[in-house]
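To convert, count from 1 in the sequence shown and add 465; that's our numbering. Virtual Cβ for every residue (Gly too), placed ideally from N, Cα, C. Source: prediction; values computed, not measured. Reviewing the structure listed below.
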Amino acid sequence: MAGKNKYWSKELETMPHERLKEHQLDRAKKQLKYAYKNSPYYKKSFNEAGVKPEDIKSFEDYQKGIPFISKPKIMEIQAQNPPLGDLLAVDPVELSQMFYAPGPIIYPFTQEDWVCVVEGAARALFTMGARKDDIVDCTVNYNWVIAGKLLDEAMKRAGTAVIPGGVGMTRTHIEVMKLTNCTILFGFPTFCQQLAETAREMGLDPDKDLSVRLVQVFGEVRTEAGKKALGEAFGAKVRELYGTADLGIVAAECPEGGGMHLDPDVLVEILDPQTGQPVTWGESGEICGCDFSRKAMPIIRYRTGDITEGLNLEPCSCGRTTPRLKRILGRVGDIPRIKGMFISPRQIDNVLDNYPELGKYQIIVERPKLRDELTIKIEYKEPLNLEGIKERLVNDLKVAIRVTPQLELVKKGTIPEDAPLVDDRRKV
Ligand SMILES: [Zn+2]
């Protein structure tokens, strides 16, 4: 527990990288043994992969030998024998709560599991700057899913006073925030932005008339401009969190910014989404994580399907040694990979934020002659000097996505309403 200190778990958060890796491997090994012994699913899956927990001596063994799990796989196993199938690894009497997620997926927790996941989330909120004298409006969903209850309890664990605002009722949020001098707003970036607009509709200036000093956002892919605008609206810092229902909180951004520090209690790998092989440490790819503590339903080498821009490996002036997770670009499948680079619509959004005269766009990927070709078709709103804009735009896009696109500027209304944002015409 942090008290007045700078860190929640000083030793873990400031440990040299190599030592942390050893510590994580140790914990992962224990969890592999537990899962093999208690979960019929993991026993079968490890046996099929020809691996036993005791074979895992190094991180390389882990990466070579341990099979992945994913959301579709969890859904499949649970559906075979609802609600939890062969994934259940405790006597059902030990379960203390279950959450539902669309899929459907059921997430079971023992009381002990829950304490661990709350602790990780509290550490994340503390890392982002939440302190005991803060009052938080928690605007996430409290029903069925894990988010509301987990964050609510983690906020209390971090010592803040929580207002369980939940989703919707924007005017009530503003009234209560004003009444309580609420200092932290927690929610999806779009909902927080909507709250700023509601405040203005109510005749308030969210910067001057509310006391919000920190906006904690999660759960959505956002643009740089969106993050900046949100901070300006409230006159507050905006800090990000990344987590999934399956892994809990994976990373949190400290007041210094520059990415989200990986939580020391999750073993994170970044993979090439096509091959499942690890990318060079720091590079862009799919986030994969292993939780160390869940006993009810262990989550081992879970492929999240989320693509990150990569890791910031520079030392952070906050003193934490854990690498910082850069932005989430989107989901595997929504993000085409062209000439080895992931092309995220969000990177294109960031560029187009600076071109108010342009509107809707579509990403088209083709491979006419064994080479990938990227075309970005963009609608313009009114007649304009196309040649003047084209060169500057191609340059800006090239800097943002690191691939030179073909540009097709078309009249508003040309791209059909139902056209997919990414049209990948390559035959894979
Ligand atoms: Zn930091």
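Do A717 and R704 come within 9 Å of each other at the CB atom, strictly closer than that value? yes
For C719, which beta-bridge partners are listed by DSSP? None, per the DSSP bridge assignment.
Going by C-alpha distance, which of P729, A619, M667 and F591 is nearest H482? Here the closest residue by C-alpha is P729.
Spell out the partners DSSP gives D818 in its beta bridges. Per DSSP, none; premise fails for D818.
Nearer than 8 Å: is that true of the beta carbon of H482 relative to any heavy atom of ligand 1? no
Would K760 and T773 qualify as a contact pair, given that the criterion is a beta-carbon distance under 9 Å? no
State the Cα-Cα distance for the pair M480 and R785, rounded to the nearest angstrom. Straight-line measurement puts the Cα of R785 at about 8 Å from the Cα of M480.
Assuming T635 contacts L660 (C-beta within less than 8 Å), just tell me the rounded distance between them. 6 Å
Which partner residues of S758 appear in the DSSP bridge assignment? Beta-bridge partners assigned by DSSP to S758: none are found.
Counting only C-beta atoms, is P548 closer than 9 Å to chain D at any point? In summary, chain D is missing from the structure at hand, where a single protein chain is found.
How many angstroms separate the CA atom of Y826 from the CA atom of K834? 25 Å
With 16 other Cβ atoms within 10 Å as the buried cut-off, status of R768: buried
Using a threshold of 9 Å, state whether the C-beta atoms of A619 and I600 are closer than that. no
In three-state DSSP terms, what is I649? In the structure shown, I649 sits in a strand (DSSP, three-state: E or B).
Could you tell me the alpha carbon to alpha carbon distance between P743 and K522, rounded to whole angstroms? 18 Å
Between D617 and V682, what straight-line distance do the alpha-carbon atoms span, to the nearest angstrom? 14 Å
Taking DSSP as the reference, what is the three-state secondary structure of A661? helix
Checking 9 Å against the spacing of the C-beta atoms, do T872 and V859 come in under that value? Position check: residue 872 holds Leu in this sequence, whereas Thr was assumed. Cβ atoms of L872 and V859: closer than 9 Å.
Do L727 and R789 have their C-beta atoms closer together than 9 Å? yes
Restricting to Cα atoms, I'd like to know which of P537, P671 and N819 is closest to I854. Ranking the options by Cα distance to I854, first place goes to N819.
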